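Following: one structure in structure tokens, then a few remarks.
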Amino acid sequence: GAVVSQHPSWVICKSGTSVKIECRSLDFQATTMFWYRQFPKQSLMLMATSNEGSKATYEQGVEKDKFLINHASLTLSTLTVTSAHPEDSSFYICSAGPSGITRIDYEQYFGPGTRLTVT
Amino acid sequence: GQQVMQIPQYQHVQEGEDFTTYCNSSTTLSNIQWYKQRPGGHPVFLIQLVKSGEVKKQKRLTFQFGEAKKNSSLHITATQTTDVGTYFCAGSSGTYKYIFGTGTRLKVLA
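Here it is in structure tokens:
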């Protein structure tokens, strides 16, 4: 199966600072990746669809100026949480379809996630 | 918007007992997928259902898609401690975007 990595696995930052999270496809090229957010003991909420070479598509209610997504290459998508606040503390996970292809009948391979704590 | 609910939210069972989680969508689905997330881990794909009334089995796991394609279930026979985790269904209404259910957290007591 496809291997997706994330870096860092955890990060602690101070309120008001920005944090960048990287999502890499290790053995395939991904034109599309997804970013999710998961609060403790809750479900995964789709934040945005990251598209290589174009703007990300954000879900309703997600502030695009706060959660900056850049998909500059076929193997790397980044999520930057700008001016982070304690309420942004969460588990952020990215995913991609097999071989980087996105289709309704394809499963998603998830990265290991990044736990962000804003103090 | 589309909502996907799961019941129960939590389930504690004795090892060897059966377990079932139910998934209900507010809208008709094209596809439904099931994932398992171990504590501290990330979701791992289990299976996908596409056809109305479809039933699929994976060893002790049985997955079913409702006739109206608005609900689904996952049944585990004779649970083991390795079954511990949160089970999510995820439904699509026709696009590549899947909405995850609220999840059912399973705890198996040895």
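Residue numbers (my numbering), protein chains in the order written: chain A, 2 to 120; chain B, -1 to 108. In this text, a Cβ means the ideal position worked out from N, Cα and C, and glycines have one as well. These numbers were taken from a predicted model, which means no experiment stands behind them.
Per DSSP, F61 (chain B) is one residue of the beta strand (DSSP E) stretching across L59 to F63. Inter-segment contact for the region 18 to 28 of chain B and the region 65 to 74 of chain B is present: three or more beta-carbon pairs are separated by less than 8 angstroms. Q4 (chain B) is positioned such that its CB atom lies no closer than 8 angstroms to that of G89 (chain B). Distances from the CA of Q43 (chain A) to each of B:S50, B:C87, B:A108 and B:V106 were compared; the closest alpha carbon is that of B:C87. The beta carbon of H8 (chain A) sits closer than 7 angstroms to those of E23, all from its chain and outside the five residues before and after it, given in chain order. The contact set of K68 (chain B) on chain A, defined by CB atoms closer than 9 angstroms, is empty, because the minimum CB distance reaches about 17 angstroms. Beyond the five residues adjoining it in sequence on each side, V82 (chain B) comes within less than 8 angstroms, by CB distance, of R36, P37, L104, K105 and V106 in the same chain, given in chain order. Chain-ordered, the chain B residues with CB closer than 8 angstroms to the CB of P113 (chain A) read G39 and H40. The count of Cβ pairs closer than 8 angstroms, one atom from the region 54 to 61 of chain B and one from the region 105 to 117 of chain A, stays below three, leaving the stretches out of contact.
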